[in-house]
Amino acid sequence: MKKRYCIIFCILFFPVFFACKTDIKQEPVKKDGMVYGITKGAFRHNWWNYYERGVSFADGRLWPQAEADFREAVSLWDTDERRARTYGMHFIDYFPHRELGTALFYQDRFEEAAKELEKSLSFVKTAKAELYLDRARKAYIEQKRLDKTPPGITIEYPGKNAVLNDFKIIVKGRASDDTFVKEVLVNNKAFQIDLSGQVIDFKQEISLSPGKNDIMLEARDLTGKITKTTHTIMCDRAGPILNIDDILHSSGSEYILKGYAYDDSQIRNITVNKKIISENPGSEVLIDYSFQLASNEKIEITALDAAGNQTRAVLSPPKNQPEISAYKNKESYYASLVSDALYYAGMDKNQAEQRGRAIAAPPPVKSRYCESLGEYYALITGINEYEQWPVLKTAVNDAMGMKDVLVRRYGFKEENVVLRINEQADWNTMLNDLRQMAGRLTECDNLLIYFAGHGKVDPLTNGGSWIPVNGSLNNATTWVSNSAITEIFSSEGVIGKNIVIIADSCYSGTLLREGSTTVSDTEEDYQTRLLELGSKKSRQIITSGGNEPVADSGMDNHSIFAYYLLRSLEENQRPIIDIENLMLSYVWKYVTEKGGQRPNIGRLKTPMDDYGQFVLALGGILPEGLEIPSFSRMRRTHETPVSSNYSDYIDKNPPKIEVKKWIPKKTVFQDKAYLEGKAEDETGIQILLLTGIIS
Numbered sequence: 187m188k189k190r191y192c193i194i195f196c197i198l199f200f201p202v203f204f205a206c207k208t209d210i211k212q213e214p215v216k217k218d219g220m221v222y223g224i225t226k227g228a229f230r231h232n233w234w235n236y237y238e239r240g241v242s243f244a245d246g247r248l249w250p251q252a253e254a255d256f257r258e259a260v261s262l263w264d265t266d267e268r269r270a271r272t273y274g275m276h277f278i279d280y281f282p283h284r285e286l287g288t289a290l291f292y293q294d295r296f297e298e299a300a301k302e303l304e305k306s307l308s309f310v311k312t313a314k315a316e317l318y319l320d321r322a323r324k325a326y327i328e329q330k331r332l333d334k335t336p337p338g339i340t341i342e343y344p345g346k347n348a349v350l351n352d353f354k355i356i357v358k359g360r361a362s363d364d365t366f367v368k369e370v371l372v373n374n375k376a377f378q379i380d381l382s383g384q385v386i387d388f389k390q391e392i393s394l395s396p397g398k399n400d401i402m403l404e405a406r407d408l409t410g411k412i413t414k415t416t417h418t419i420m421c422d423r424a425g426p427i428l429n430i431d432d433i434l435h436s437s438g439s440e441y442i443l444k445g446y447a448y449d450d451s452q453i454r455n456i457t458v459n460k461k462i463i464s465e466n467p468g469s470e471v472l473i474d475y476s477f478q479l480a481s482n483e484k485i486e487i488t489a490l491d492a493a494g495n496q497t498r499a500v501l502s503p504p505k506n507q508p509e510i511s512a513y514k515n516k517e518s519y520y521a522s523l524v525s526d527a528l529y530y531a532g533m534d535k536n537q538a539e540q541r542g543r544a545i546a547a548p549p550p551v552k553s554r555y556c557e558s559l560g561e562y563y564a565l566i567t568g569i570n571e572y573e574q575w576p577v578l579k580t581a582v583n584d585a586m587g588m589k590d591v592l593v594r595r596y597g598f599k600e601e602n603v604v605l606r607i608n609e610q611a612d613w614n615t616m617l618n619d620l621r622q623m624a625g626r627l628t629e630c631d632n633l634l635i636y637f638a639g640h641g642k643v644d645p646l647t648n649g650g651s652w653i654p655v656n657g658s659l660n661n662a663t664t665w666v667s668n669s670a671i672t673e674i675f676s677s678e679g680v681i682g683k684n685i686v687i688i689a690d691s692c693y694s695g696t697l698l699r700e701g702s703t704t705v706s707d708t709e710e711d712y713q714t715r716l717l718e719l720g721s722k723k724s725r726q727i728i729t730s731g732g733n734e735p736v737a738d739s740g741m742d743n744h745s746i747f748a749y750y751l752l753r754s755l756e757e758n759q760r761p762i763i764d765i766e767n768l769m770l771s772y773v774w775k776y777v778t779e780k781g782g783q784r785p786n787i788g789r790l791k792t793p794m795d796d797y798g799q800f801v802l803a804l805g806g807i808l809p810e811g812l813e814i815p816s817f818s819r820m821r822r823t824h825e826t827p828v829s830s831n832y833s834d835y836i837d838k839n840p841p842k843i844e845v846k847k848w849i850p851k852k853t854v855f856q857d858k859a860y861l862e863g864k865a866e867d868e869t870g871i872q873i874l875l876l877t878g879i880i881s
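Laid out in structure tokens, this is it:
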């Protein structure tokens with residue numbers, strides 16, 4: 187009886203169960219000599235089968251078929267994720283909402299596309315989803331004609347007309363737009379926005395120069411509407427001028443202090459022996475103050491301005507000369523022009539001949555600037571065929587292409603370029619190469635390091651690594667860790683001028699520590715400014731992606747990143763170019779749009795990075811008319827041509843020096859002395875010294 191009921195149950199309900207099983211029958215499609223809508227194995231109506239077939243249809247731009255398969259995949263498994271487990275120990279990257287959103291975008295169904303892409307990003311962040319979400323939003327806004335106003339932009343710090351004494355500040359603000367802010371620029375430098383938003387909070391570091399500073403702000407929404415505004419602040423790093431005219435002994439322990447204080451940024455207060463005697467008096471104040479002074483007590487006077495700069499003097503009672511204390515507030519220099527008199531010396535050609543030495547060249551000084559571009563070195567590694575890791579397609583070709591373009595177009599000497607491919611790049615060799623290349627650099631040398639191969643994140647330390655040819659799959663001690671690389675090139679023992687590390691591997695973004703500093707190639711003095719920055723030390727990092735996998739295949743047997751990097755180096759016609767500008771103005775855009783990955787640029791946090799730039803010159807030489815800035819600045823001070831034949835001159839008189847508006851007996855306390863004057867000699871001024879320093 188029970189057996190009969192079981193049979194009846196199966197007959198009644200099995201059709202119901204099987205009726206719930208969806209079977210989307212889509213045949214493969216031939217297009218342009220290719221077949222789309224196929225899977226590697228048998229199609230068993232699992233979620234991964236629909237996803238794989240949908241990707242195949244999408245490759246052929248067969249969007250309706252792709253949409254149908256992605257929707258079926260979503261109905262069976264709704265979560266976008268990396269390494270989704272299919273069966274057993276098989277894993278795939280599974281992004282059905284992202285791919286469905288892309289398919290809808292190409293069918294002009296922008297609102298639906300945006301919803302699917304937002305859903306994908308709620309599960310996992312990917313550059314491709316962010317890219318297409320921005321495109322879908324923009325297209326929808328334009329389609330519905332929703333955007334009527336440009337973005338709004340406000341500054342939270344610093345306040346308008348603020349007075350600061352910093353060398354650098356972090357500008358903080360907010361840009362907002364109901365149809366999404368896509369770009370924010372502070373002083374023409376873009377703040378990185380991965381995904382557009384209706385409200386974008388931004389922070390950007392800028393440098394300040396003494397005096398008026400205009401902070402230029404620009405915000406752009408998805409449809410291209412722009413708002414520009416200027417925020418003005420003042421930078422004052424000079425302490426107030428503090429003139430002490432007299433200290434009168436009134437009677438007993440009572441004294442009278444007379445003097446004057448002045449500061450462009452307004453004086454905050456004046457103190458005598460830590461007691462405030464004047465508060466917020468304006469830009470200038472006359473000092474006439476009576477006070478008690480104990481036996482052997484000194485007189486301490488301070489003047490503080492609105493920017494926080496302080497001038498401080500410690501004086502003895504009458505008949506003693508002023509003294510200078512060792513006190514320091516901010517890094518500044520305090521000087522009494524009575525106790526430390528300014529010393530001037532002028533030397534003309536006649537005196538130079540009599541002394542028997544050439545004065546035309548200034549004495550050598552320690553400087554961060556070099557006399558030339560310096561030697562260029564490169565360490566280039568590409569690995570396709572690993573002992574344990576999957577074979578790559580393009581890494582070796584990428585490495586060989588990099589060596590070729592550097593030698594052929596940018597003057598790198600063959601003997602200065604080390605190329606390691608496949609079995610040549612084992613763990614021991616890679617580390618030895620890094621150390622040896624770092625150790626051979628002199629103060630004016632440049633080093634470019636390029637790695638193309640597998641990368642991996644150590645699950646224990648969460649730090650990235652480059653995988654050598656003999657690296658183990660699961661043993662992180664056999665990998666070349668990013669921490670080892672940064673330790674070498676952050677060291678103060680590595681004295682090279684410019685070092686850039688370019689990593690085209692998965693998870694290369696873990697090398698980065700902080701953002702970039704670029705020079706806009708639209709600046710009128712771009713080349714001069716670039717040479718100045720190229721003379722400063724730099725430790726830069728460029729990676730093909732963030733902390734995520736990146737594509738191995740791309741175009742012309744190169745990875746997508748290497749293809750556009752090499753192409754930019756090939757097509758560049760500027761006589762000099764900084765590699766960061768090349769990345770931001772060309773490579774970043776194409777790799778992001780076409781490859782769905784986001785290159786990154788940053789710097790190592792080390793005192794050996796002075797925010798310089800890695801500069802490349804066509805042919806490895808400076809174009810005619812350009813000079814290293816240190817020499818051009820020095821030569822501008824020698825306005826009179828110098829003749830090597832001193833006998834051409836009859837010169838018996840030394841140069842004359844005149845300092846304007848100078849009262850020798852006045853006691854002046856301030857952080858800097860600004861002197862105006864002139865030196866003249868009928869045979870020409872060869873060198874001018876101010877307190878022993880070439881001016």
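Residue numbers (the working numbering): 187 to 881. Cβ atoms here follow ideal geometry from the backbone N, Cα and C, with glycine treated the same way.
* **Pairwise C-alpha distance: residue 477 and residue 448** => So the alpha carbons of these two residues sit roughly 22 Å apart.
* On the DSSP bridge assignment, give the partners of residue 435 in chain order. => Paired residues: 441.
* Asked: residue 277: buried (16+ other C-beta within 10 angstroms of its C-beta) or exposed?
  -> By the neighbour-count criterion, in which 16 or more other beta carbons inside 10 Å mark a residue as buried, residue 277 falls on the exposed side.
* Asked: Quick one: what's residue 744 bridged to in DSSP?
  -> Note: residue 744 sits in a beta bridge opposite 741.
* **Endpoints, the alpha helix (DSSP H) within which residue 358 is located** => Boundaries around residue 358 are those of the beta strand (DSSP E), 354-372, since no alpha helix (DSSP H) includes it.
* How big is the Cα-Cα spacing for residue 649 and residue 670? -> Approximately 10 Å, taken between the alpha carbons.
* Do you know offhand how far residue 452's Cα is from residue 792's? -> So the alpha carbons of these two residues sit roughly 37 Å apart.
* Is it right to say residue 224 is buried, meaning 16 or more other beta carbons lie within 10 angstroms of its own, or is it exposed? -> Per the 10 Å Cβ criterion, exposed.
* Asked: Roughly how many angstroms lie between the CA atoms of residue 813 and residue 756, to the nearest whole one?
  -> Their Cα atoms are separated by approximately 25 Å.
* Within 7 Å (strictly less), CB to CB, does residue 470 reach chain D? -> Among the chains in the structure shown there is no chain D, since it carries only a single protein chain.
* To do: Name the residue from 435, 385 and 306 whose alpha carbon lies nearest to the alpha carbon of residue 502.
  => Looking at the Cα atoms, 435 is the closest of the given residues.
* Quick one: complete alpha helix (DSSP H) runs, 4+ long, within the region 389-427? -> Scanning the region 389-427 for uninterrupted alpha helix (DSSP H) segments of 4 residues or longer gives nothing; none is fully contained.
* Just list the beta strand (DSSP E) runs in the region 772-813, keeping only unbroken ones of 3 residues or longer that don't cross its boundaries, in chain order. => Entirely contained in the region 772-813, the beta strand (DSSP E) runs reaching 3 residues are, in chain order, 786-789 and 801-803.
* Whole-angstrom distance between residue 561 and residue 770, CA atom to CA atom -> The alpha-carbon atoms of residue 770 and residue 561 are separated by roughly 25 Å.
* Mark residue 618 as exposed unless 16 or more other C-beta atoms lie within 10 angstroms of its C-beta, in which case mark it buried. => The C-beta of residue 618 has fewer than 16 other C-beta atoms within 10 Å across all chains shown, which makes the residue exposed.
* Asked: For residue 287, does the count of other Cβ atoms within 10 angstroms reach 16, so buried, or fall short, so exposed?
  -> The Cβ neighbour count for residue 287, taken over all protein chains shown within 10 Å, is at least 16; the residue is labelled buried.
* State yes or no: is the C-beta of residue 382 nearer than 6 Å to some heavy atom of the ligand ZN? => Of ligands this structure carries none, so the ligand ZN is not represented either.
* To do: Under 6 Å Cβ to Cβ from residue 315, same chain only, skipping five residues before and after it: list those, please.
  => Once the five neighbours on either side are set aside, the close Cβ partners of residue 315 are 284, 303, 306 and 307.
* Three CB pairs or more closer than 8 Å across the region 340-357 and the region 321-329 -> The region 340-357 is not in contact with the region 321-329.
* CB of residue 377 within 7 Å of CB of residue 367, strictly -> Remark: C-beta atoms of residue 377 and residue 367 do not approach each other more closely than 7 Å.
* Could you tell me whether the region 621-641 touches the region 569-587, where touching means 3 or more Cβ pairs closer than 8 Å? => The answer is yes - the region 569-587 touches the region 621-641, with three or more Cβ pairs under 8 Å.
* Given residue 222, which residues of its chain have a CB within under 7 Å of its CB, disregarding the five upstream and five downstream residues? -> 214, 215, 242, 243, 245, 246 and 248, listed in sequence order.
* **Neighbour-count burial assignment, residue 786, 16 or more Cβ in a 10 Å radius** => Sixteen is the threshold: when 16 or more other Cβ atoms of the shown chains lie within 10 Å of the Cβ of residue 786, as they do, the residue is buried.
* Asked: Taking buried to mean at least 16 other C-beta atoms within 10 Å of its own C-beta, is residue 231 buried or exposed?
  -> Per the 10 Å Cβ criterion, exposed.
* Should residue 682 be labelled buried (16 or more other beta-carbon atoms within 10 Å of its own) or exposed? -> Around the beta-carbon of residue 682, 16 or more other beta-carbon atoms lie within 10 Å, marking it buried.
* Asked: Under the three-state reduction of DSSP, which class applies to residue 831: helix, strand or coil?
  -> Residue confidence for residue 831 is low, a pLDDT of 37 falling below 50, so the modelled location carries little weight; the figure read from the coordinates is stated next. DSSP, read as helix, strand or coil, puts residue 831 in coil.
* With DSSP run on the structure shown, which of helix, strand or coil describes residue 529? -> Caution is warranted here: a pLDDT of 27 is assigned to residue 529, below 50, making its placement in the model unreliable, and the coordinate value is therefore given only provisionally. Residue state, collapsed to three classes: coil.
* Please confirm whether residue 333 and residue 312 have their CB atoms less than 7 Å apart. => Taking 7 Å as the Cβ cut-off, residue 333 and residue 312 do not qualify as a contacting pair.
* Asked: Skipping 5 residues on each side, what residues in its chain have a beta carbon closer than 7 Å to that of residue 678?
  -> So the qualifying residues of the chain are 793 and 794.
* **Reference residue 611, options 761, 654, 595 and 589, closest by Cα** => Comparing alpha-carbon positions, the option among 761, 654, 595 and 589 lying closest to residue 611 turns out to be 654.
* Cβ neighbour criterion (16 or more within 10 Å) applied to residue 420 -> With 16 or more other Cβ atoms within 10 Å, it is buried.
* Expressed to the nearest angstrom, what Euclidean distance is found between the alpha-carbon atoms of residue 444 and residue 458? -> Looking at the backbone, the Cα of residue 444 and that of residue 458 are separated by about 12 Å.
* To do: Pick out whichever of 234, 309 and 227 has its Cα sitting closest to the Cα of residue 266.
  => Here the closest residue by C-alpha is 309.
* Which residues mark the beginning and the end of the beta strand (DSSP E) in which residue 652 is found? -> The continuous beta strand (DSSP E) containing residue 652 extends over residues 650-652.
* Is residue 429 closer than 7 Å to residue 446 when the C-beta atoms are compared? -> In contact: residue 446 and residue 429 (Cβ atoms closer than 7 Å).
* To do: Measure from the alpha carbon of residue 725 to the alpha carbon of each residue in 715, 751, 717 and 688, then state which is nearest.
  => Cα-wise, what sits closest to residue 725 is 688.
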